[in-house]
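Q: Pasting a structure below so you can have a look.
There are 2 protein chains.
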Amino acid sequence: MTERRAIPLHRVRIDDPFWTPRQDVIREVTLDLQHDILQKSGAIDALKMQWKEGQPNPPHPFWESDVAKWIEAAGYSLTTHPDPELEARVDAVIDIMGKAQQPDGYLNVYYSLVEPGNRWTNLRDKHEMYCAGHLIEAAVAYYEATGKRKFLDIMCRYADYIDSLFGPGEGQRRGYPGHEELELALVKLHRLTGQERYLRLAEYFVNERGAQPHYFDIEARERGEDPAAFRFSDYDYNQSHLPIREQETADGHSVRAMYLYSGAADIALATGDETLLPALQRLWHNTTRRRMYVTGGIGSTPRGERFTYDYDLPNMTAYTETCASIGLAFWAQRMLLLDLNGDYADVLELALYNGIISGGSLDGTRFFYSNPLEVDRRGWESARPSVRRELPAAERQGWFRCACCPPNLARFVASLGTYAYAEEQGTAYVHLYLGSTAELDLGGQKITLTQEANYPWDPTVRLKVDPAAPGRFTVALRVPAWCRAPRLTVNGADVAMAAIVERGYARLERDWQAGDVVELTLPMTTERLYPHPRIIADSGRVALRRGPVVFCLEQVDNIADLNALLLPRDADLTTAWDEDLLGGVYTVAADGYADDADAWDDVLYRTEAPQRRPVPIKAVPYFAWGNRKPGSMLVWVREGGSEG
Amino acid sequence: MTERRAIPLHRVRIDDPFWTPRQDVIREVTLDLQHDILQKSGAIDALKMQWKEGQPNPPHPFWESDVAKWIEAAGYSLTTHPDPELEARVDAVIDIMGKAQQPDGYLNVYYSLVEPGNRWTNLRDKHEMYCAGHLIEAAVAYYEATGKRKFLDIMCRYADYIDSLFGPGEGQRRGYPGHEELELALVKLHRLTGQERYLRLAEYFVNERGAQPHYFDIEARERGEDPAAFRFSDYDYNQSHLPIREQETADGHSVRAMYLYSGAADIALATGDETLLPALQRLWHNTTRRRMYVTGGIGSTPRGERFTYDYDLPNMTAYTETCASIGLAFWAQRMLLLDLNGDYADVLELALYNGIISGGSLDGTRFFYSNPLEVDRRGWESARPSVRRELPAAERQGWFRCACCPPNLARFVASLGTYAYAEEQGTAYVHLYLGSTAELDLGGQKITLTQEANYPWDPTVRLKVDPAAPGRFTVALRVPAWCRAPRLTVNGADVAMAAIVERGYARLERDWQAGDVVELTLPMTTERLYPHPRIIADSGRVALRRGPVVFCLEQVDNIADLNALLLPRDADLTTAWDEDLLGGVYTVAADGYADDADAWDDVLYRTEAPQRRPVPIKAVPYFAWGNRKPGSMLVWVREGGSEG
């Protein structure tokens, strides 16, 4: 092997003060809960194919994707924590899944029952291929967890059927997914089965996208519709406005974009096609240096759940869908394989400790779809329902009508181990710091890495390196860009880092033997982050960050009007561990000031500046917000002079 | 007479350095231009009733309202400036208007031709009653201008027909307008014709609105629709969620709200019903003390063109429709009659000098529909078209698909005189300061007021009072709340103001004789306005105001990144007259600082504060923005300490 690859999930075991409780909650609470919801909503029973026209609760076009992500999450959980009861539950769902498959391999309940005869007539707006992709990912995960072929066989049949219909061949339709996802799923299926045709189909989907004449135009005309009547007006919505190699900026629906870019990176990795990398680098730069929130959230507007334009990052109306940050992590993981650079891992880590896990409550029962950086709870409460429905949710919800995020979070957290390490000929990569044991295959050399950490809270990570046999290889440890003075020792001896850091990784190439210990210290101080002067929404404000963790102010810890608060530029930031708060977190406190709303007149505007009064400011990690009394929340706090 | 009433337009003549050029532009440019557009768009020709199904350019449901507002504007213009050519043009339109009227009096081209048989089936969403209202207002204005009855007769027939169908009587339908407007129009028709039935119908519309069972529910079911499928989800959108007397907050589509409140004030005035006033006072307070921009704009979101909730006043996505500020002026004028208080006139003046006239270019050819308080031109230019269509227009447009604003601005400016004065038994009111001559009837005493002013620029207003015969009466002059040290003289002698100011008006009750001269001095200084601490969008920012004029920064006078600018709290504001700029305006200059975007790294966030460099800041009146090179604009500028 020469190709760099992510560590397979079954070869990494997490035992970590931060992540183990989170994975436990997914396993012990969320998976049960989501199964119940999928059962009660009818999403699972729909697969029995008994719905008839005129009956209530018709099958929903996305239902398979929700069920699939739950199975995929269960598969990852079973990989690390066998559980016969959970496995039996999944098997029961898979048994009825078989009933939904048509004789030709097609599998989509909505089109089979609600719109029979209209299969594949609207790839642009509907979700057959998207659902197929999630089902394939689930089948791969479940097979890898259990070795059971049934679901995998079902999905191979479906993939074969899709492959027969779509492609550049004679008599084939030149369609591709309206909502990307199938591309990356087909690459997974290819990797598992070794079947080239799945890779070729994925490659075709990525390459055909945006070609002229435009398939979505052709398809719309075939439906008797004017292509110009497309609800989102421009195909940038689904990243088919141009072939991907010609795209300059991250546009459109942000989850779709992330899944496309991830699939394209997969193609580049699997085929060795070097023509995709420049586009992916360009899109990465645009995404992370122009269009990403400080929390690793992406998608600046609920209108189209999409990217907007450079530096447009409004906080209250941020869409920052949980799925989009997860998609950003998918993409980052692939870019690390394709184009190793600590920048990708920094963004992965940022999304992970902020905009991804903010999507779930600490108890695993409630979820955010969008993860705004500011919530005005009082405004939300005072708003009439017709206005409120346009505002970001001020609280996590148990489920959503479009329920992509909750099971996406479950599958992501359950598979976290695979993001932490990568392996290639002669080199082991440590991308994430978390207590874990990983078995790596460096090509001829098998090693065990045992990591002890209390990340993201404590600065020191201890890594035991145990090669199966003594030998020379490289252990490459990510050095986060946020860290100003990292230190490294091997067996207690200092290592001069400057000489060995390449592309954000400290490369320890040496002769290793069992029991060697590396210690990486990443001093964490609480810092103010300033926004680029072109980010209008953040002008004059600062965010607080310690290590990879971004903080926010919650109403429950502060005054109600968070925007009236000022953090003086010279105020000391006092960081303290609170074992009893939010499952154990660091908090940040400072002496601040507030514009006094109570001392204001009954007018909107006046010529006197507001009176200011000293108030304490307290911040908690953003990921943990919304787990106490509902209230306002603010990431970017106003910075003032020393007078407030 | 005892009732207070606005001065009829034909009794006031404006000769004013600020307003005369604006009225000239409406008369000489805008009216011609709008007639041409109405001609070319097909709105006028549609009245010939020759469109047939299958032909292009079907009549639009609102077209009559656009034509009507143009006729109304022409009527006001003809009142003050007779013009046989314009009159002939209007007559030609009125001639074909007769063709559109059906034998039973109905007049709506869309329903007559495009949806025959569906008349009055969807008052909630469609605009028959709205168009009828505008046609009636136009007919009243044109009759008052010319004495010609033809259009008035057409509209009386239509009004009689509507009156026969709707109301509480046996066999009548208990409907009312989905888009309010007909209410206030019927009161005008009542005043002109003396017909009680028009007043009763208007009163019925106002009182029935929001009654249960809800008419819009009944009507939806009759159409075979689920009332719950209403596109705007809640009847607060059109202010029919509750009877008006029970409404606590200004909700829904802001133009609709203004027209309803104006109509309700008309009913209160015309019927003496005292039960409406508390609701109107409450709604006024909520509108102007909780939901109004510093420019007198209202409507915080394009979603539903509507009010949102208290203190929610985002600047870039402000809707602040020109029509809504005009509607606010309509309402203010009526509240001054119903419940005299300088507060109403202050808001009228604020809207007038800012959010209303910003709606038109100085040359009278281009218009804003929404009047945002911030435009990021660079962002707008960089955005893809699908994103741009969700952003505020960065430039005025020649016309709109929904073209309510341009002719609304024309009719408002053309009828401005009537907002300036009011009369009642024994008292003359001066609401607005502008060079003009007004003939007032104080009941038994006729007087001429001759006002000389260079408002809103110069502080001194000179008012000559010429009674037809010497006598005792009161001249009540508004003292704007923005003025800290007003001074008043009569025939050169100082008047102690404190004793005579009541509800915002200095009441000069004395024996007057021809040639008496009152001088009111309203010292104008350029001041910083601070926002209520609960207005999140404006936190840490100030607006600049001089007299009633609010200023803004334009890119053409400043650096491109207006949000990077800081106005130090202690910076001197230098106000200067520039005769050659924007038709002659005051500008405000200050020494400021800017966060340096060019010295920033290629990242979105960093731990170092931005570098700051000194830059000059220049502001121009908000109403005049967007008349030069297209660029960004900002009303609320960041305030910094003395270090920037």
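Residue numbers (my numbering), protein chains in the order written: chain A, 69 to 712; chain B, 69 to 712.
Ideal placement from N, C-alpha and C gives every residue a C-beta, glycine not left out.
(1) Just checking, does the segment 294-303 of chain A make contact with the segment 425-444 of chain B on the three C-beta pairs under 8 Å criterion?
(2) In this structure, what does DSSP give as the bridge partners for P689 of chain A?
(3) Take W87 of chain B as the anchor and find which of B:L588, B:A553, B:L484, B:R457 has the nearest alpha-carbon.
(4) For F219 of chain B, collect the residues of the same chain with a Cβ closer than 6 Å to its Cβ; drop the 5 residues on either side in sequence, then sort them by chain order.
(5) Going along the chain, which residues of the segment 436-448 of chain A sit with their C-beta nearer than 7 Å to a C-beta in chain B?
(6) Return yes when the Cβ of V617 of chain A is within less than 7 Å of the Cβ of P475 of chain A, no when it is not.
(7) Our contact map puts C472 of chain A next to C391 of chain A with C-beta atoms below 8 Å; I'd like the distance itself, whole angstroms only.
(8) Taking 7 Å as the threshold (beta carbon to beta carbon), is L612 of chain B in contact with chain A?
(9) Output needed for T214 of chain A: all residues of its chain with C-beta closer than 7 Å, excluding positions within five of it in sequence on either side, in chain order.
(10) Following the continuous beta strand (DSSP E) through V97 of chain A, name the residue where it begins and the one where it ends.
(11) So, helix, strand or coil for W603 of chain B, using DSSP?
(12) So for W131 of chain B, helix, strand or coil by DSSP?
(13) Does the beta carbon of V362 of chain B come closer than 7 Å to any beta carbon on chain A?
(14) Report buried or exposed for A160 of chain A, applying the criterion of at least 16 other Cβ atoms within 10 angstroms of its Cβ.
(15) Which one of B:A553, B:Y379, B:A564 has the shortest CA to CA distance from N354 of chain B?
(16) Going by Cα to Cα distance, which pick from A:W399, A:L310, A:K686 is closest to A611 of chain A?
(17) Which residue wins for smallest C-alpha separation from P76 of chain B, given the options B:R259, B:D231, B:N190, B:I230?
(18) Check for me: the beta strand (DSSP E) holding A644 of chain B runs from which residue to which?
(19) Verify whether the separation of the beta carbon atoms of D669 of chain A and P678 of chain A is less than 7 Å.
(20) Would G428 of chain B be called buried (16 or more neighbouring beta carbons within 10 Å of its own) or exposed?
(21) Would you kindly work out how many angstroms separate the C-alpha atoms of V533 of chain A and G572 of chain A, rounded to a whole number?
(22) Once you ignore the five residues that flank V177 of chain A on each side, which residues in its own chain have a CB closer than 8 Å to its CB?
(23) In terms of alpha-carbon separation, which member of A:G615, A:P538, A:I568 lies closest to Q581 of chain A?
(24) Residues bridged to M701 of chain B by DSSP?
(25) For I727 of chain A, list the residues DSSP reports as bridge partners.
(26) With a threshold of 7 Å between beta carbons, is Y487 of chain B in contact with chain A?
(27) Where do the N-terminal and C-terminal ends of the beta strand (DSSP E) with P636 of chain B fall, by residue?
(28) My output table needs one value for A338 of chain B: the three-state DSSP class, helix, strand or coil.
(29) Applying a beta-carbon distance threshold of less than 7 Å, which residues of chain B neighbour W668 of chain A?
(30) Could you give the C-beta distance for A451 of chain A and T376 of chain B, rounded to a whole number, given that I count them as a contact under 8 Å?
(31) Going along the chain, which residues of its own chain have a beta-carbon closer than 6 Å to the beta-carbon of Y412 of chain A, five neighbours each way excluded?
(32) Mind reading off the beta-carbon distance from P682 of chain B to D659 of chain B? Whole number of angstroms is fine, and I expect it under 8 Å.
(33) Against chain A, which members of the segment 294-323 of chain B pass a CB distance test of less than 7 Å?
(34) Output the distance between the C-alpha atoms of S109 of chain B and Q102 of chain B, rounded to the nearest integer angstrom.
(35) So the beta strand (DSSP E) A253 of chain A belongs to, where does it begin and stop?
(36) Out of A:E342, A:R614, A:R225, state which residue places its alpha-carbon closest to the alpha-carbon of A657 of chain A.
A: On the basis of the data shown:
(1) no
(2) Translated into positions along the first sequence, residue 689 of chain A becomes position 621. P689 of chain A pairs with A:F619.
(3) As a working note, residue 87 of chain B is residue 19 in the second sequence. The shortest Cα separation from W87 of chain B among B:L588, B:A553, B:L484, B:R457 belongs to B:L484.
(4) Counted from its first residue, the second sequence places residue 219 of chain B at position 151. These residues qualify, in order along the chain: I162, A207, Y210.
(5) D444, G447
(6) One-based indexing of the first sequence puts residue 475 of chain A at position 407. One-based indexing of the first sequence puts residue 617 of chain A at position 549. No, the pair does not count as a contact, with Cβ atoms beyond the cut-off.
(7) Position 404 of the first sequence, counted from the first residue, corresponds to residue 472 of chain A. Position 323 of the first sequence, counted from the first residue, corresponds to residue 391 of chain A. About 5 Å; that satisfies the 8 Å criterion.
(8) Within the second sequence, numbered from 1, the residue matching residue 612 of chain B stands at position 544. Closer than 7 Å: no.
(9) Your numbering for residue 214 of chain A matches position 146 in the first sequence. L146, E155, listed in sequence order.
(10) Numbered from 1 along the first sequence, position 29 holds the residue referred to as residue 97 of chain A. V97 of chain A -> no beta strand (DSSP E), and no H or E assigned at all.
(11) Walking along the second sequence from the start, residue 603 of chain B turns up at place 535. Strictly speaking, residue 603 of chain B in this sequence is Ile, with Trp absent from that position. Correct three-state label for I603 of chain B: coil.
(12) Looking up residue 131 of chain B in the second sequence gives position 63. Three-state result, W131 of chain B: helix.
(13) Indexing the second sequence from 1 puts residue 362 of chain B at position 294. Cβ-Cβ to chain A under 7 Å: yes for V362 of chain B.
(14) Position 92 of the first sequence, counting from 1, holds the residue named residue 160 of chain A. With fewer than 16 other Cβ atoms within 10 Å, it is exposed.
(15) Mapped onto the second sequence, residue 354 of chain B falls at position 286. Minimum Cα distance to N354 of chain B is reached at B:Y379.
(16) By one-based count along the first sequence, residue 611 of chain A stands at place 543. The shortest C-alpha separation from A611 of chain A is found at A:K686.
(17) Residue numbering aside, residue 76 of chain B sits at position 8 when the second sequence is read from its first letter. It is B:R259 whose Cα lies nearest to the Cα of P76 of chain B.
(18) Position 576 of the second sequence, counted from the start, is the residue given in the question as residue 644 of chain B. Run containing A644 of chain B: 642-646, per the beta strand (DSSP E) assignment.
(19) Walking along the first sequence from the start, residue 669 of chain A turns up at place 601. Walking along the first sequence from the start, residue 678 of chain A turns up at place 610. No, these two residues do not count as a Cβ contact at 7 Å.
(20) The count along the second sequence starts at 1 and reaches residue 428 of chain B at position 360. G428 of chain B should be labelled buried.
(21) On the first sequence, position 465 is the one that residue 533 of chain A refers to. On the first sequence, position 504 is the one that residue 572 of chain A refers to. Each residue's alpha carbon lies about 20 Å from the other.
(22) Numbered from its first residue, the first sequence carries residue 177 of chain A at position 109. Result list for V177 of chain A: A114, L115, M117, W119, P127, W131, E132, A168, in chain order.
(23) Start at 1 with the first residue of the first sequence, and residue 581 of chain A comes out as number 513. Nearest C-alpha to Q581 of chain A: A:P538.
(24) Counting from one through the second sequence, the residue named residue 701 of chain B turns up at place 633. Answer is B:V443, B:E622, bridged to M701 of chain B.
(25) Any question about residue 727 of chain A goes unanswered here, given that chain A covers just 69 to 712.
(26) Here residue 487 of chain B corresponds to residue number 419 of the second sequence, with the count starting at 1. No, because no Cβ of chain A sits closer than 7 Å to the Cβ of Y487 of chain B.
(27) By 1-based counting over the second sequence, the position of residue 636 of chain B is 568. Element bounds for P636 of chain B: 633-636.
(28) As a working note, residue 338 of chain B is residue 270 in the second sequence. In this structure, A338 of chain B counts as helix in the three-state DSSP scheme.
(29) Translated into positions along the first sequence, residue 668 of chain A becomes position 600. Chain B residues near W668 of chain A: H600, P601.
(30) As a first step, residue 451 of chain A must be located in the first sequence, where it is residue number 383. As a first step, residue 376 of chain B must be located in the second sequence, where it is residue number 308. Their Cβ separation, rounded to whole angstroms, is 6 Å, which keeps A451 of chain A and T376 of chain B in contact under 8 Å.
(31) Along the first sequence, one-based indexing puts residue 412 of chain A at 344. A400, M403, L404.
(32) Your numbering for residue 682 of chain B matches position 614 in the second sequence. Your numbering for residue 659 of chain B matches position 591 in the second sequence. Between D659 of chain B and P682 of chain B the Cβ distance is about 6 Å, and since that is below 8 Å, they are a contact.
(33) F300, S301, D302, D304, Y305, D319
(34) Here residue 109 of chain B is taken as the residue at index 41 of the second sequence, counted from 1. Here residue 102 of chain B is taken as the residue at index 34 of the second sequence, counted from 1. Cα to Cα, the separation comes out at about 10 Å.
(35) For the purposes of this step, residue 253 of chain A is taken as the residue at position 185 of the first sequence. Where A253 of chain A is concerned, there is no enclosing beta strand (DSSP E), although the alpha helix (DSSP H) it sits in stretches over 250-261.
(36) Residue mapping note: residue 657 of chain A aligns to position 589 of the first sequence, counting from 1. That would be A:R614, whose Cα lies nearest to the Cα of A657 of chain A.
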